[in-house]
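All you need for my numbering is the position in the sequence shown, starting with 1, plus 822. Cβ atoms here follow ideal geometry from the backbone N, Cα and C, with glycine treated the same way. Below is one structure, written out as structure tokens, with a few remarks after it.
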Amino acid sequence: MQLFPFSGVGVEDMLSQLYALPDAALFIEAETIKLGFKQWINDHFVLTENQIRFLTSMSHDVSRSYAEQCSFCFLHRLDIKLISPVPPQVPGYAKWIASGSTISVKTDGTGESAISGTLTFTVSYQ
């Protein structure tokens with residue numbers, strides 16, 4: 823798979839290519855991101871040195887949470903969005919990444935399920 827820009831459009835393009843895979847290949851990608859989120863991101867996106875440092879310094883708990891969320895989305899071909907404004911030009915800010923979702927998981931007594939929604943990662947500077 824090619825490298826994509828780390829941007830909203832890059833994430834959309836990556837998901838289009840990823841979700842075109844057969845189920846078995848998509849399952850492998852879901853497991854791969856779940857087991858190594860930081861490496862998977864590094865292997866699929868063009869990152870700046872600052873982005874690589876940020877990714878590397880991300881706590882294990884956070885990267886594990888993001889990995890599980892992305893893996894679930896992959897398995898169900900759910901939309902993932904990235905909202906990433908241009909960083910400020912002045913020094914002294916902190917970069918934050920937050921995940922939020924509208925994912926809904928429903929099931930009935932027969933085992934039928936309905937899974938829908940979007941996972942959104944939002945970058946902010948404070």
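### Message
To test your reading of the DSSP string, which unbroken alpha helix (DSSP H) runs of 4 or more residues are found completely within the segment 833-864?
### Response
845-857
### Query
Alpha carbon to alpha carbon, what distance is there between Phe894 and Ala842?
As a first step, residue 842 must be located in the sequence shown, where it is residue number 20. As a first step, residue 894 must be located in the sequence shown, where it is residue number 72. Cα to Cα, Ala842 sits roughly 16 Å from Phe894.
### Query
Taking Cβ to Cβ, would you say Phe859 is nearer than 8 Å to Leu897?
Along the sequence shown, read from residue 1 onward, the residue named residue 859 stands at position 37. Along the sequence shown, read from residue 1 onward, the residue named residue 897 stands at position 75. In this structure, Leu897 does not lie closer than 8 Å to Phe859 by Cβ.
### Task
Could you tell me which of Phe943, Val833 and Gly832 sits nearest to Thr924, measuring between CA atoms?
Residue mapping note: residue 924 aligns to position 102 of the sequence shown, counting from 1. Among Phe943, Val833 and Gly832, the Cα nearest to that of Thr924 is on Phe943.
### Query
Can you find a CB in chain C that lies within less than 8 Å of the CB of Trp862?
Any reference to chain C falls outside this structure, which holds one protein chain only.
### Task
Return helix, strand or coil for Ile937, following the three-state DSSP convention.
As a first step, residue 937 is located in the sequence shown; it is residue number 115 there, counting from the start. Of the three classes helix, strand and coil, the one that applies to Ile937 here is strand, per DSSP.
### Query
Going along the chain, which residues of its own chain have a beta-carbon closer than 8 Å to the beta-carbon of Ile937, five neighbours each way excluded?
The count along the sequence shown starts at 1 and reaches residue 937 at position 115. So the qualifying residues of the chain are His898, Leu900, Ile925, Ser926, Val927 and Lys928.
### Query
Could you give the residue range of the alpha helix (DSSP H) that holds Ile874?
Reading the sequence shown from its first residue, position 52 is the one you call residue 874. Run containing Ile874: Glu871 to Ser879, per the alpha helix (DSSP H) assignment.
#### Entry: Closest by C-alpha distance to Thr940, when choosing among Glu851, Gln891, Ser881 and Ser838
Position 118 of the sequence shown holds residue 940. Among Glu851, Gln891, Ser881 and Ser838, the Cα nearest to that of Thr940 is on Gln891.
### Task
Pull up the distance between the alpha-carbon of Pro910 and that of Tyr947, whole angstroms please.
Counting from one through the sequence shown, the residue named residue 910 turns up at place 88. Counting from one through the sequence shown, the residue named residue 947 turns up at place 125. Looking at the two C-alpha atoms, the distance is approximately 7 Å.
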